[in-house]
Amino acid sequence: MELHDYSGPSVFGYETDAPVRRAAMISAHTSPLATLGGKDAGGMNVYVRELASHLSRRGLPVDIFTRRTDPTTPESVSLCPHVNVVTITAGPAEPLDKHALFPHLPEFASEMALYALRRGVRYDVVHAHYWLSGWIAHLLRRYWATPFVQLFHTTAHMKNAVAARGDREPELRVRTERRLLALADSIIAANPGERADLIWRQGASGAKVCTVPPGVDLERFRRQDRAACRRALGLNDVPVVLFVGRVDPIKGIDTLLDAVVILSSDDAPGRQPCIIFVGGEIDAAGRPVGTLAAVARRAIDLGVGAHVRFVGSQPQDELPTFYGAADVVAVPSRYESFGLVAVEAMASGTPVVASRVGGLAYTVDEEASGLLVPSNNPNELAAALRRVLSDVTFRESLSDGAFRTAQRFAWPAVAAQIAEIYRRLAAGHRGDLCCDDELFA
Ligand code: UDP
0 MELHDYSGPS VFGYETDAPV RRAAMISAHT SPLATLGGKD AGGMNVYVRE LASHLSRRGL
60 PVDIFTRRTD PTTPESVSLC PHVNVVTITA GPAEPLDKHA LFPHLPEFAS EMALYALRRG
120 VRYDVVHAHY WLSGWIAHLL RRYWATPFVQ LFHTTAHMKN AVAARGDREP ELRVRTERRL
180 LALADSIIAA NPGERADLIW RQGASGAKVC TVPPGVDLER FRRQDRAACR RALGLNDVPV
240 VLFVGRVDPI KGIDTLLDAV VILSSDDAPG RQPCIIFVGG EIDAAGRPVG TLAAVARRAI
300 DLGVGAHVRF VGSQPQDELP TFYGAADVVA VPSRYESFGL VAVEAMASGT PVVASRVGGL
360 AYTVDEEASG LLVPSNNPNE LAAALRRVLS DVTFRESLSD GAFRTAQRFA WPAVAAQIAE
420 IYRRLAAGHR GDLCCDDELF A
């Protein structure tokens with residue numbers, strides 16, 4: 000591919016092929032240090048943490064900037080060698096709903112610039128995660144002339160296409176994302192469908208949208224001894240369907256519960272599957288609270304309360320045991336940009352039954368590593384789960400296929416693609432940034 004030189008104004012350092020010496024990441028509304036599986040902490044937090052740590056292993060130091068939600072958090076915390084989480088005070092030092100953050104973004108940008116000035120550091124590239132951080136990256140241009148990469152994780156356009164009326168994203172987000180498509184120097188799409196959507200439906204320039212898939216930690220997520228995992232969770236040989244994720248309408252939990260009703264009515268007593276539900280909040284007595292309590296109530300109303308076990312959100316280190324114990328992982332989402340849970344399950348050798356939406360349609364290999372079903376369709380979801388649960392030979396072949404499929408999402412390969420985008424931006428290139436979708440091949 001031929002690269003065109005940057006034809007804009009000359010900016011010190013960027014008109015040369017100088018290497019990228021330091022990167023700034025912005026994750027304004029949620030910290031990579033947050034507890035996973037809560038309302039606003041999931042795939043993006045994992046992604047930011049893992050990407051930064053893999054970039055640092057390649058020799059690139061990274062500072063991750065996030066908003067202060069607690070007055071006692073130190074300004075800078077080391078996440079791993081050469082990766083710091085820097086807490087920026089912008090707005091009240093308390094948790095705020097992400098929809099209330101927009102007015103505080105200019106202060107975030109100024110405080111970030113002041114931090115860099117105080118510390119005497121400069122960044123060769125800024126990588127913004129989610130639209131709010133993208134707006135900060137754009138405002139930072141008042142202080143730095145640094146190019147910025149935008150990773151939306153989801154866009155309002157894509158979310159609203161599948162959202163119920165009450166769950167629609169605000170117009171401010173829609174408008175800001177449209178502006179960011181024009182303002183960002185590079186945009187990373189998580190899958191080829193998202194790239195097409197950004198270009199053809201949302202008007203982004205094709206030259207700057209690169210597709211780079213998610214990565215998965217293959218050291219943490221690998222095949223486990225199934226019997227040992229089941230013992231650790233106190234499970235006998237009952238068929239186990241696992242769900243892992245945030246409690247959010249986009250995750251299709253309602254569809255899964257409706258599918259459980261169908262599955263439970265089909266099976267002989269004693270062979271009815273147990274659904275383990277990881278995510279959301281439980282109290283000290285193990286009772287679901289908040290939005291998870293509503294899910295538990297719905298399970299009882301549907302008459303399947305006895306088949307569903309809620310364990311609350313779990314640290315990522317505990318998840319291999321859950322993936323290892325499960326016969327199948329259900330990902331019934333209405334939309335997923337990445338769908339990290341599906342890739343983690345596959346890396347653990349556990350087949351996946353997922354909705355054919357977003358990144359899932361590319362990460363799950365139909366009939367080889369799992370099954371894809373239409374979203375919002377309990378009958379199809381139940382039929383696919385039944386097929387995997389009832390046919391041991393098929394399940395074992397899916398397990399091998401799942402493990403193989405996941406290997407191509409190794410973080411070192413994914414981080415290498417992102418580092419290449421940074422390198423080209425820092426060298427002054429702007430057009431023709433997109434990479435081959437080789438990891439999806
Ligand atoms: N996760 C976790 N503990 C939980 C629930 C989720 O560690 O209790 C992690 C999970 O391992 C995955 C991420 O959160 O890496 C969820 O990412 P995914 O892309 O599936 O969903 P998102 O949260 O981005 O919608």
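Numbering that gives the first Met the number 0 numbers the first residue of the sequence shown as 0 and each following residue consecutively. Where a beta carbon is used, it is the ideal one built from N, C-alpha and C, also for glycine. Computed from a predicted model, the values in this text were never measured in an experiment.
With a CB to CB cut of under 8 Å and the five nearest residues on each side skipped, what residues in its chain are close to residue i?
{"i": "Arg308", "result": "Cys273, Ile274, Ile275 and Phe276"}
{"i": "Ser9", "result": "Reliability of the predicted coordinates at Ser9 is poor, the pLDDT of 38 falling under 50, and no value is obtained from them."}
Apart from the five residues on each side of it in sequence, which residues of its chain come closer than 6 Å, Cβ to Cβ, to residue i?
{"i": "Ala425", "result": "Val19, Asp123 and Val124"}
{"i": "Gly12", "result": "Any reading at Gly12 must be qualified, since the residue scores a pLDDT of 41, below 50, and its modelled position is unreliable; the value itself is stated next. Taken in chain order, the list of residues that qualify is empty."}
{"i": "Ala112", "result": "Tyr142"}
{"i": "Val288", "result": "Glu280 and Asp282"}
{"i": "Arg386", "result": "none"}
{"i": "Asn375", "result": "Thr254"}
Grab me the residues of residue i's own chain with a C-beta within less than 7 Å of its C-beta, minus the 5 sequence neighbours each way, in chain order.
{"i": "Ala155", "result": "Glu168, Arg172, Val173 and Glu176"}
{"i": "Leu384", "result": "Val240, Ala258, Leu262, Val327, Ala329 and Val352"}
{"i": "Leu59", "result": "Val19, Ala22 and Ala418"}
{"i": "Ala51", "result": "Met24, Val61, Ile63, Leu78 and Val82"}
{"i": "Trp130", "result": "Phe151, Arg172, Thr175, Glu176 and Leu179"}
{"i": "Arg200", "result": "His156"}
Consult DSSP for residue i and reduce its assignment to one of helix, strand or coil.
{"i": "Glu365", "result": "strand"}
{"i": "Thr404", "result": "helix"}
{"i": "Phe101", "result": "helix"}
{"i": "Phe220", "result": "coil"}
{"i": "Pro287", "result": "strand"}
{"i": "Glu280", "result": "strand"}
{"i": "His428", "result": "coil"}
{"i": "Arg308", "result": "strand"}
{"i": "Ser109", "result": "helix"}
Of the choices the options, whose alpha-carbon is the least far from that of residue i?
{"i": "Pro314", "options": "Val342, Ala23, Ser26 and Asn44", "result": "Asn44"}
{"i": "Thr210", "options": "Ala324, Pro373, Ser336 and Ala99", "result": "Ser336"}
{"i": "Pro319", "options": "Glu218, Arg422, Lys158 and His81", "result": "Glu218"}
{"i": "Ala135", "options": "Leu150, Leu197, Phe107 and Phe402", "result": "Per the sequence presented here, residue 135 reads as Ile, with Ala not at that position. Answer by Cα proximity: Phe107."}
{"i": "Arg245", "options": "Asp39, Pro31 and Arg333", "result": "Asp39"}
{"i": "Gly42", "options": "His152, Gly192, Pro102 and Thr65", "result": "His152"}
{"i": "Arg57", "options": "Tyr421, Ala415 and Arg423", "result": "Ala415"}
Which residues bound the alpha helix (DSSP H) around residue i?
{"i": "Ser55", "result": "Gly42 to Arg56"}
{"i": "Ala227", "result": "Arg225 to Ala231"}
{"i": "His137", "result": "Tyr129 to Leu138"}
Please find out if some non-hydrogen atom of the ligand UDP comes closer than 7 Å to the beta-carbon of residue i.
{"i": "Val82", "result": "no"}
{"i": "Leu424", "result": "no"}
{"i": "Met157", "result": "no"}
{"i": "Met345", "result": "no"}
{"i": "Gly278", "result": "yes"}
{"i": "Gly90", "result": "no"}
{"i": "Val340", "result": "yes"}
{"i": "Gly42", "result": "yes"}
{"i": "Gln406", "result": "no"}
{"i": "Glu193", "result": "no"}
By the DSSP assignment, the beta strand (DSSP E) with residue i in it spans what residues?
{"i": "Ser75", "result": "Ser75 to Cys79"}
{"i": "Asn463", "result": "The requested residue 463 does not occur in the structure, where the chain is confined to residues 0 to 440."}
{"i": "Ser354", "result": "Val351 to Ser354"}
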